[in-house]
Amino acid sequence: MSQESKVPTYDELMWPALVAMKALGGSATHEELLEKAIELGNIPESVQNIMHTERQTKISYNLAWAKTYLGKAGALENPSHGVWAITQKGKALTEEEVSQIPAEVRKQYKLEKEKKPKDHKEEPYLQPETKTWKDELLTILTNQIKPDAFERLAQRILRESGFVKVEVTGRSGDGGIDGVGVLRLALLSFQVYFQCKKYKGSVSAGAIRDFRGAMVGRTDKGLFITTGTFTAEAKKEATRDGAPAIDLIDGDLLCDLLKNLKLGVATRIVEEISIDSEWFSNI
1 MSQESKVPTY DELMWPALVA MKALGGSATH EELLEKAIEL GNIPESVQNI MHTERQTKIS
61 YNLAWAKTYL GKAGALENPS HGVWAITQKG KALTEEEVSQ IPAEVRKQYK LEKEKKPKDH
121 KEEPYLQPET KTWKDELLTI LTNQIKPDAF ERLAQRILRE SGFVKVEVTG RSGDGGIDGV
181 GVLRLALLSF QVYFQCKKYK GSVSAGAIRD FRGAMVGRTD KGLFITTGTF TAEAKKEATR
241 DGAPAIDLID GDLLCDLLKN LKLGVATRIV EEISIDSEWF SNI
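If you want it as structure tokens, here you go:
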């Protein structure tokens, strides 16, 4: 059996998604839900690392579909951007009832489609993910710029974020340390070593351990920047008790940083004009 075939399908993830949602207190972001489902299902890193696209793992993609079906069935709702919540119906569903949801949703979609006029423009069915500006940006960062340019980009991000004395070292045999900077906070300052790697997949716990090993005796502060994602085990390793904590910046957060710092990403406000006809009638 190939590793890809071991990735749970969307329908196999629907019940674990509800269980995970309950364990998280009834609401969660996609990443929180994914991490909890992986934990509860004891899904190995090798399966977590299988990619669907350059930005998204296969298991994350399948979970997005699972949430979409659960949403269509009324078991989950998406009341605010990026946060999902379980409904009273979702709390009451049994595992057997959840297994019937895909067929029920497809049947409902078929009935709705038959009721629509022939000239009705069909909407994409159950589309959980669409291409975004982040996908475009990560494609550029991953495929178009060289590793040394990515290191310089990380240096610029740290400087723009308040770091001083930011140096890119990039020495071979240095345990993956790409640079060092100093973060000043009021009367205190911290030396921070950073590693910045272009990944199309997920960073494993082993990479975090190696980076921490290179930091030992130098500093207690580390920062790992990647265009990819971090496995659940990598996130746990980064905050493991008794070990120096390592802050993680994945591709999604990296895009947000570039947007907020206005580094290669520009936002435009579209002006909307409306006419108040009553105002003119009262002249």
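Read in our numbering, the sequence shown has 151 at position 151, and its numbers run on one by one without any break. Where a beta carbon is used, it is the ideal one built from N, C-alpha and C, also for glycine.
{"Asked": "Can you list, in chain order, the residues of its chain with a C-beta nearer than 6 Å to that of GLU95? Leave out the 5 residues immediately preceding and following it.", "Found": "TRP15"}
{"Asked": "Taking the alpha-carbon of GLY179 as reference, which of LYS259, LEU40, GLU151, ILE157 has the nearest alpha-carbon?", "Found": "GLU151"}
{"Asked": "Ordered along the chain, which non-local residues of its own chain (more than five positions away) have a Cβ less than 7 Å from that of THR239?", "Found": "ALA245"}
{"Asked": "Quick check on DSSP: helix, strand or coil for LEU63?", "Found": "helix"}
{"Asked": "Once the 5 residues before and after HIS120 are set aside, which same chain residues still bring their CB inside 6 Å of it?", "Found": "Unreliable placement is indicated for HIS120, whose pLDDT of 44 sits below 50; the coordinate value is still reported in the next sentence. Nothing meets the Cβ criterion."}
{"Asked": "Out of curiosity, what's the CA-to-CA distance linking ILE157 and THR227?", "Found": "14 Å"}
{"Asked": "Which residues bound the beta strand (DSSP E) around LEU248?", "Found": "246–249"}
{"Asked": "Buried or exposed for ASN143, please, with buried defined as at least 16 other CB atoms from any protein chain shown within 10 angstroms of its CB.", "Found": "exposed"}
{"Asked": "Going by Cα to Cα distance, which pick from GLY26, GLU45, GLU97 is closest to LEU76?", "Found": "GLY26"}
{"Asked": "By the 10 Å Cβ neighbour count, where 16 or more other Cβ atoms means buried, how is GLU136 classified, buried or exposed?", "Found": "exposed"}
{"Asked": "Rounded to whole angstroms, how far is the Cβ of ILE59 from the Cβ of VAL7, which I believe are closer than 8 Å?", "Found": "5 Å"}
{"Asked": "Could you give the C-beta distance for ALA205 and GLU233, rounded to a whole number, given that I count them as a contact under 8 Å?", "Found": "4 Å"}
{"Asked": "What residue range does the alpha helix (DSSP H) around ASN49 cover?", "Found": "Here ASN49 belongs to no alpha helix (DSSP H), and DSSP marks it neither H nor E."}
{"Asked": "What is the residue span of the alpha helix (DSSP H) that GLY213 lies within?", "Found": "205–215"}
{"Asked": "Secondary structure at SER27, three-state DSSP: helix, strand or coil?", "Found": "strand"}
{"Asked": "Please state the DSSP three-state secondary structure of GLY82.", "Found": "coil"}
{"Asked": "Does PHE224 pass the burial test, meaning 16 or more other C-beta atoms within 10 Å, or should it be called exposed?", "Found": "buried"}
{"Asked": "GLN191: buried (16+ other C-beta within 10 angstroms of its C-beta) or exposed?", "Found": "exposed"}
{"Asked": "With distance defined between alpha-carbon atoms, name the residue in SER202, LEU24, PHE194 nearest to PHE285.", "Found": "Nothing can be reported for residue 285, as the shown portion of the chain is limited to 1 through 283."}
{"Asked": "On a Cα-Cα basis, can you pick out the residue from VAL182, ILE249, ALA103 that is closest to TYR69?", "Found": "ALA103"}
{"Asked": "Straight-line CA distance for LYS110 to ILE101?", "Found": "14 Å"}
{"Asked": "Under three-state DSSP, which class holds ARG184?", "Found": "strand"}
{"Asked": "Return yes when the Cβ of SER161 is within less than 8 Å of the Cβ of THR57, no when it is not.", "Found": "no"}
{"Asked": "Near LYS221, what residues of its chain come up, given a Cβ to Cβ distance below 6 Å and the 5 sequence neighbours on each side ignored?", "Found": "PHE190, VAL192"}
{"Asked": "Counting along the chain, where does the beta strand (DSSP E) carrying THR226 start and finish?", "Found": "221–226"}
{"Asked": "Can you tell me whether LYS165 is helix, strand or coil according to DSSP?", "Found": "strand"}
{"Asked": "Would you call GLU272 buried or exposed, if buried means 16 or more other Cβ atoms sit within 10 Å of its Cβ?", "Found": "exposed"}
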